[in-house]
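Written as structure tokens, this is what we have:
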């Protein structure tokens, strides 16, 4: 005899299982499609595709290294700038600001996240690039010009500009996640610190210790966004496949290359090269996320209270 | 007997709602004073006025005076950080930091710069753990996470953490309410033991506990202090009808 609702539960479970399986299926399908379509260059260049630094489609020369370099460096600049600012905003909002001030600021941060990426790009071209060319770049060259990062010609278009734009774009997401994480830290942790004679700063370090794994997660989320961001970067990075120590030099990222060149990639080998570099982006994101997960796990092992309480 | 803390005419407000009414009370040095009363009677709120922990609530306000060693702790310019070092606190739910057992106890010593050397720090941590009757249970696992301890051990760790900064007064907010009877008994024995060196104020909803550990008991209801007497008298021959009704379980 069938139990009441047994069939219903079975259908329900099957639907859920299908939903969960679809995610796996999509990932596998994308991966398969990309490998399949990049076979011509995979077979022709092998590992040289990744290590080559020349990108000349007309001569059928495809080296992806400048784009991998550009993607990683621009994202790194973005993180270096955005993480401290985001942490500062989030700590201020949760630990310091009275609610009357915290609300509007939190609202503004969320608003920043809603601005379309092409608008960031326009702002980058018309405001940030001239500012770097005429002020920030000049300042950096005057005082830190002996560093290889700040040498070369100042055009305002290049790696640094892209990094700054990316920093602006990932600040809202990192801030929002860190804010949620800090709010989730139990009040009793703050009170414990205060009751021992801790100052505001010392109490905050206790809160941050509690939130460490969540903060790492927020940073990863930001990194993921920065690596994949396309439109704004294309508009300000200069789209030049070169590897230069100078942050003022134009560069290019994988996402930006794909966006700018897919339409004109008519012959088979060029298209294959673009799909293969897309595959590289896919894998880079994958590796970054995996590394970050490991990091989070190592932090969470001895410092996440959420697991134990 | 010398008064460690003198509270006079204390009123406490959450915004416009008054939570404590005109409380006047003397807490003698090196004695245990218990606060009892039904839930929401203001006993925890009152306890938290004694180390200004209510400062963290933006809408809270206090009138009246709280003198500790003759100093009004609500006077403008009071060093709240120094006050809280002098008046330690143990909370209802144990709240160890996500650190090792050693680092939990060392935390207060480090931030207040009490120790003179690494060896001194270790000695202080050991003494605090010993005073909290925990040393023997944890001496072989000092570097492991505090979350690996049982509930009762975590609470004694929190007591050790509070003792480590050498306070003079220890406020305890229902320190055993989340523990089983055996762990509770250990905490109670510890509290009585600590009386030799510290002035202790303990909030409890457990009347037997108040009767067992305290020298004096204060009974609160609806934000008012109803009666304050030696514990012996309070539980055998209270002055107030309300106290008798509460203690005998006629309400509460």
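Protein chains in written order, with this note's numbering: chain A, 436 to 744; chain B, 41 to 292. Yeah, the Cβ is synthetic: ideal placement off N, Cα and C, and Gly gets one too.
By the neighbour-count criterion, in which a residue is buried when 16 or more other Cβ atoms sit within 10 angstroms of its Cβ, residue 268 (chain B) is buried. Burial check for residue 602 (chain A): the Cβ neighbour count within 10 Å reaches 16 or more, so the residue is buried. Apart from the 5 residues on each side of it in sequence, residue 685 (chain A) sits with its Cβ closer than 8 Å to the Cβ of 590, 592, 593, 594, 672, 673, 674, 675 and 677 in its chain, given in chain order. DSSP places residue 149 (chain B) in the uninterrupted alpha helix (DSSP H) bounded by 141-151.
Neighbours of residue 641 (chain A) across chain B, judged by C-beta separation under 7 Å: 137.
By the neighbour-count criterion, in which 16 or more other beta carbons inside 10 Å mark a residue as buried, residue 67 (chain B) falls on the buried side.
Nearest CB-CB separation between residue 246 (chain B) and chain A: not below the 8 Å threshold. A straight line joining the alpha-carbon of residue 217 (chain B) with that of residue 171 (chain B) spans about 21 Å.
Non-local beta-carbon contacts of residue 518 (chain A) in its own chain, meaning distances under 8 Å to residues more than five positions away in sequence, involve 609, 654 and 657 in chain order. The three-state secondary structure of residue 476 (chain A), taken from DSSP, is helix. Residues are counted here when their Cβ sits less than 8 Å from a Cβ of chain A; for the segment 70-104 of chain B these are 91, 93, 96 and 98, given in chain order. Per DSSP, residue 693 (chain A) is one residue of the alpha helix (DSSP H) stretching across 689-696. Spanning the alpha carbons of residue 542 (chain A) and residue 536 (chain A) requires a straight line of approximately 10 Å. Taking a contact to require three or more Cβ pairs closer than 8 Å, the segment 131-139 of chain B and the segment 163-182 of chain B do not qualify as touching.
Taking the CA atoms as reference points, residue 462 (chain A) sits about 22 Å from residue 506 (chain A). Taking 8 Å as the upper bound for CB-CB distance, residue 260 (chain B) and residue 266 (chain B) are in contact here, some 7 Å apart. Around the CB of residue 578 (chain A), fewer than 16 other CB atoms lie within 10 Å, so the residue is classed as exposed.
In the three-state reduction of the DSSP assignment, residue 59 (chain B) falls in the strand class.
DSSP places residue 267 (chain B) in the uninterrupted beta strand (DSSP E) bounded by 264-270. If you draw a straight line from the Cα of residue 646 (chain A) to the Cα of residue 285 (chain B), it comes to about 47 Å. In the same chain as residue 521 (chain A), and ignoring 5 residues on each side of it, the C-beta atoms closer than 7 Å to its own belong to 606, 609, 610 and 613, in chain order.
At a beta-carbon threshold of 8 Å, the residues of chain B lying near residue 533 (chain A) are 98, ordered along the chain. At least 8 Å separates the CB of residue 664 (chain A) from every CB of chain B. Per DSSP, the unbroken alpha helix (DSSP H) holding residue 655 (chain A) starts and ends at 635-663.
Leaving aside the five residues that flank residue 473 (chain A) on each side, the residues in its chain whose CB is nearer than 6 Å to its CB run, in chain order, 707, 710, 711 and 714.
Nearest to residue 482 (chain A) by C-alpha distance, out of A:466, A:500, A:630 and A:494, is A:500.
Residue environment: residue 629 (chain A) is assigned as buried (16 or more neighbouring CB atoms within 10 Å of its CB, all protein chains considered). At a C-beta separation below 9 Å, residue 537 (chain A) has no neighbours in chain B, since its nearest C-beta there lies roughly 11 Å away. Under the 10 Å beta carbon count, residue 467 (chain A) is surrounded by fewer than 16 other beta carbons and is classified as exposed.
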